[in-house]
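Since the structure comes first, as structure tokens, the remarks are kept for the end.
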């Protein structure tokens, strides 16, 4: 079972997920009327990322937030995106990535099974919310542009 299927099983316990053709102004994923809609013609990594983000909208958003010109819509979009990044790229997995010897954006993204853009967004999110250096589960993490370094490698 791949990551997408595992997330799908988890999410489907709470909210229906429908895969199909989305003809709505180029959207690849939507949360609407208590359902998650995912474009069926995407690769499984992209579907997984969209599924997690739309599930986070289910958990955090209220009302129709498609109008990004509206401040409240942007605020709710941002909250769901941050939650999705933390679910897709948790700190423990970043530590595993660092210990695996993966370096660089593409190698780390492949290890974590996310797109390079999602990895970059997660690193920026963590850097801006918890700082460039952070203690997590006994590991001192330093966030780089596209990866994380564990500074106290002898402790793990």
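In the working numbering, the protein residues as written are 84 to 239. The C-beta atom is built at its ideal place from N, Cα and C for all residues, glycine as well.
Checklist entry - Is the number of C-beta pairs between the segment 184-202 and the segment 109-122 that are closer than 8 Å three or more? => result no
Checklist entry - Thinking just about the alpha-carbon of each residue, which of 178, 194 and 165 is nearest to the one in residue 128? => result Residue mapping note: residue 128 aligns to position 45 of the chain shown, counting from 1. Answer by Cα proximity: 194.
Next on the checklist: Here's the rule: buried if 16 or more other CB atoms are within 10 angstroms of the residue's CB, otherwise exposed. What is residue 201?
Outcome noted: Within the chain shown, the letter at position 118 stands for residue 201. So residue 201 ends up on the buried side.
Checklist entry - Buried or exposed: residue 177, going by 16 or more other Cβ atoms within 10 Å of its Cβ? => result Here the question's residue 177 lines up with position 94 in the chain shown. Buried: at least 16 other Cβ atoms inside 10 Å.
Next on the checklist: Quick check: what's the CA-CA separation for residue 87 versus residue 210?
Outcome noted: In the chain shown, counting from the first residue as 1, residue 87 sits at position 4. In the chain shown, counting from the first residue as 1, residue 210 sits at position 127. Cα to Cα, the separation comes out at about 27 Å.
Next on the checklist: Could you give the first and the last residue of the continuous alpha helix (DSSP H) run that contains residue 186?
Outcome noted: Sequence index remark: in the chain shown, residue 186 carries index 103 (1-based). Neither: residue 186 is in no alpha helix (DSSP H) and is coded neither H nor E.
Next on the checklist: Going by beta-carbon coordinates alone, are residue 191 and residue 161 separated by less than 8 Å?
Outcome noted: For this step, residue 191 is matched to residue 108 along the chain shown. For this step, residue 161 is matched to residue 78 along the chain shown. Taking 8 Å as the Cβ cut-off, residue 191 and residue 161 do not qualify as a contacting pair.
Item to check | Length of the line joining the Cα atoms of residue 175 and residue 101 | outcome: As a first step, residue 175 is located in the chain shown; it is residue number 92 there, counting from the start. As a first step, residue 101 is located in the chain shown; it is residue number 18 there, counting from the start. Between residue 175 and residue 101, the C-alpha separation is close to 30 Å.
Next on the checklist: For residue 220, count the other beta carbons within 10 Å of its own beta carbon; 16 or more makes it buried, fewer makes it exposed. Which is it?
Outcome noted: Residue mapping note: residue 220 aligns to position 137 of the chain shown, counting from 1. The residue in question, residue 220, is exposed, as its Cβ has fewer than 16 Cβ neighbours within 10 Å.
Item to check | DSSP state of residue 101 mapped onto helix, strand, coil | outcome: Stepping through the chain shown from its first residue, residue 101 is reached at position 18. Of the three classes helix, strand and coil, the one that applies to residue 101 here is strand, per DSSP.
Checklist entry - Using CA coordinates, which residue listed in 105, 120, 106 and 85 is at the minimum distance from residue 98? => result As a position in the chain shown, residue 98 is number 15, starting the count at 1. It is 120.
Item to check | residue 213 versus residue 91: straight-line alpha-carbon distance, rounded | outcome: Position 130 of the chain shown, counted from the first residue, corresponds to residue 213. Position 8 of the chain shown, counted from the first residue, corresponds to residue 91. One C-alpha to the other measures close to 29 Å.
Checklist entry - Under the three-state reduction of DSSP, which class applies to residue 136: helix, strand or coil? => result Stepping through the chain shown from its first residue, residue 136 is reached at position 53. DSSP places residue 136 in helix when its eight states are reduced to three.
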